[in-house]
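Scroll down for the structure; my scribbles are underneath it.
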Amino acid sequence: MAAFIRLVKTIGKHRWLIIEVVKREVKLRYRGTWLGFFWSLLNPLIMTVVYTLVFVYFLRSNVPNFPIFLFCVLLPWNWFNEAVMSGTDCIVGRPGFVRDAIFPTEILPVTTIAASMMNYVFSLPILMIALLVFKVPFGWSLLTLPLIMALQFLFTLGIVFILGTFNVFFRDVRYIVQNILMAVFFLTPIMYDINSIPTRFQFLLKLNPMEHIINDYRSIFYYNTGIDWRDTGVVLLISLVLIILGVWAFETHKESFAEHL
Amino acid sequence: MNDAVVLEHVSKRFKRSVVSGRTTLKDAILKGQIFRMGQSNGYFEAIKDISFSIPKATVLGIIGPNGAGKSTLLRLLAGIYHPTSGQIKTTGRISALLSLGLGFHPEFSGRENIVISGLALGLSHQRIAHISEDVIRFAELEEFIDAPMRTYSSGMYMRLAFSVAVNVNPDILLVDEVLAVGDASFAKKSRARMEEFKNSGKTIILATHDLATVENWCQQALFLHGGQMYGFGDPRTVVAKYREMATGQGN
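Chains as they are written, first to last, in my numbering: chain A, 1005 to 1265; chain B, 93 to 343.
This is how it looks when you write it as structure tokens:
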């Protein structure tokens, strides 16, 4: 807990540095490309088109407005996926910063997740246009979007602190993570509705915090209903526990990071 | 407390496995080490029980043969490594010019790295904007400052590192001589800047093989050998001791 409070203080003290690093990371991602940010939009767009073809036209799924049903949760999933993947490498990928005694290493998980989040933020206008084109109604529940994004940020942060630390000592971690993420993608109700699967499996899928986060995004953009506050609260608690565990793991091993890079 | 740097019984051990290859997850599980990350049976002691202190505004030269632990000691002083046992106390802002710990991200441009280094040091945006022109001019990198640093030659990299290190107004400057090279004109310039530093009452700690520099320029010397302190104090006496040992081994 004390470590957690120290982390919050460090983040506050280094907010300008965090903003600067995030800006640079975002800029770096598209340096030398013609289409820039649109490359990161291309992947969810193609996936939406292909899955719509498969589910609606081949498998005759009867989910109304399937492209929106999928696209509105594919975007936050991509943010999660990218943040966890690059977060796993956030320490080993930046030896220059880690070996600099002055640079506060504990901000790296934060900047990595924030840089991936910016992609999501940039894609929101496209999502809003899609909602208008498909005539999907949206309303006041949009105001809870920042809340859900903050929740996803915290959940990812806990995971990244843990994985980033482990990855310094065991480089196998990134390959394990890569495969787990792929499995979790199919086991999270992203391409399908949780109510369309057998009841006995629904319970299992609900153990996954991402299920609830995805569900909240879908409530906001697709169902236009309020979010599930009880489930959201539980995910928040899980996230805080993960962050405390992650920060503890990070803090106890931080001093030997430089020797292992 | 007028001491810039105080070391009390400082030792640094490294895990053997770090030196001889990384532990994999498989090894860790097979050896039941998974919950003991960073522990191992084999150790290499790079610094053994070193204690000394130097007052502010001192120039200290660290000498010793290759592998004596000079760079490890500098990294400990810089805070890049942490002592296995013992304590290090430093007073004031430290700027380190070591082969490790330059704090640059190779994908970012020189200018971006200057801003990030400055912010990490706690400088304001205004202050950074103020010094960055000096940094760039001193490093003679006007032409390449907006290119990613991975495209820099090692000389350009080193010049920028030196320029940042001396322009952020540190109280203690750590220099690993291996880095303080460059072409003749830059070497002359950096010498002059170090002289300025010395005269303005800054603390400088320098690891070097150039014994004449230590005798003529440093006020204190530290002789390291096999991680142990073989001599500390007056540069002439300490250098003489090192020379004696080196020739003794030669015979």
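The beta-carbon is built from N, C-alpha and C at its ideal position, and this holds for glycine as well.
- The region 101-108 of chain B and the region 163-182 of chain B touch, with three or more beta-carbon pairs separated by less than 8 Å.
- Here A:Gly1162 is not near A:Ser1223, since their CB atoms are 8 Å or more apart.
- Taking the CA atoms as reference points, B:Leu168 sits about 10 Å from B:Gly161.
- A straight line joining the alpha-carbon of B:Leu165 with that of B:Ser201 spans about 30 Å.
- With respect to the 8 Å criterion, A:Ile1117 and A:Thr1160 are classified as neighbours on the basis of their beta carbons.
- Residue nearest to B:Lys181 within the set B:Ile206, B:Phe144, B:Arg335, B:Gly214 is B:Phe144 (criterion: CA-CA distance).
- Around B:Glu234, the same chain offers Ile228 as residues with beta carbons nearer than 8 Å, after the five sequence neighbours per side are excluded.
- A Cβ-Cβ distance of about 5 Å is found for the pair A:Phe1254 and A:Thr1169, placing them in contact under the 8 Å criterion.
- If you compare the alpha carbons of A:Tyr1196, A:Leu1131, A:Phe1174 with that of A:Leu1063, the shortest gap goes to A:Tyr1196.
- Uninterrupted alpha helix (DSSP H) stretches at least 4 residues long and entirely within the region 1070-1106 of chain A occur at 1070-1092, 1099-1102, given in chain order.
- Within the model, the alpha-carbon separation for B:Glu225 versus A:Arg1010 is close to 35 Å.
- Under the DSSP definition of a beta bridge, B:Ile142 partners with B:Val102.
- As computed with DSSP, B:Phe315 is found in a beta bridge with B:Ile155, B:Gly323.
- Distance from A:Leu1131 to A:Leu1079 at the Cβ level is roughly 6 Å; contact confirmed, criterion being Cβ atoms closer than 8 Å.
- In the structure shown, B:Asp95 falls within a strand segment according to DSSP collapsed to helix, strand and coil.
- Of all alpha-carbon atoms in B:Ser187, B:Phe196, B:Leu190, the one lying nearest the alpha-carbon of A:Phe1101 is that of B:Phe196.
- The beta carbon of A:Val1140 does not come within 8 Å of any beta carbon belonging to chain B, so the residue lies off that interface.
- A:Gly1168: member of the alpha helix (DSSP H) spanning 1149-1173, first to last residue.
- Inter-residue distance for B:Asp326 and B:Val306 is about 10 Å (C-alpha atoms, whole angstroms).
- In this structure the region 319-335 of chain B lies against the region 147-161 of chain B, because at least three pairs of beta carbons, one per stretch, are closer than 8 Å.
- Residues of the region 1141-1172 of chain A with a Cβ closer than 9 Å to any Cβ of chain B, in chain order: Thr1169, Phe1170, Val1172.
- Listed by position along chain B, the residues whose Cβ is nearer than 7 Å to that of A:Phe1101 are Gly195, His197.
- Any Cβ of chain B closer than 8 Å to the Cβ of A:Asp1232 would place that residue at the interface, and such an atom is absent.
- A:Ile1095 and A:Val1181 do not touch by the CB rule: their CB atoms are close to 14 Å apart, not below 8 Å.
- Taking 8 Å as the Cβ-Cβ cut-off, the region 1105-1120 of chain A approaches chain B at Ala1105, Ile1106, Phe1107, Pro1108, given in chain order.
- Inter-residue distance for B:Lys280 and B:Arg328 is about 24 Å (C-alpha atoms, whole angstroms).
- Rounded to whole angstroms, the separation of the alpha carbons of B:Gln218 and B:Leu266 is 26 Å.
- Think of a sphere of 7 Å around the beta carbon of A:Glu1259: the chain B residues whose beta carbon falls inside it are His174, in chain order.
- Here B:Met286 is buried: its Cβ has 16 or more other Cβ atoms, across all protein chains shown, within 10 Å.
- Under the Cβ criterion of 8 Å, B:Gly318 is not counted among the residues facing chain A.
- Going by beta carbons, B:Lys148 and B:Ala221 fall outside the 8 Å limit.
- Rounded to the nearest whole angstrom, the CA to CA distance from A:Arg1234 to A:Ile1111 is 30 Å.
- Residue contact with chain B for A:Ala1262: present (Cβ-Cβ distance below 8 Å to some residue of chain B).
- Contact between A:Met1121 and A:Trp1083 holds, since their C-beta atoms are separated by about 6 Å, short of 8 Å.
- In this structure, B:Ser163 lies away from B:Ala313, with their beta-carbon atoms at least 8 Å apart.
- B:Glu137 carries a strand assignment under DSSP once its states are collapsed to helix, strand and coil.
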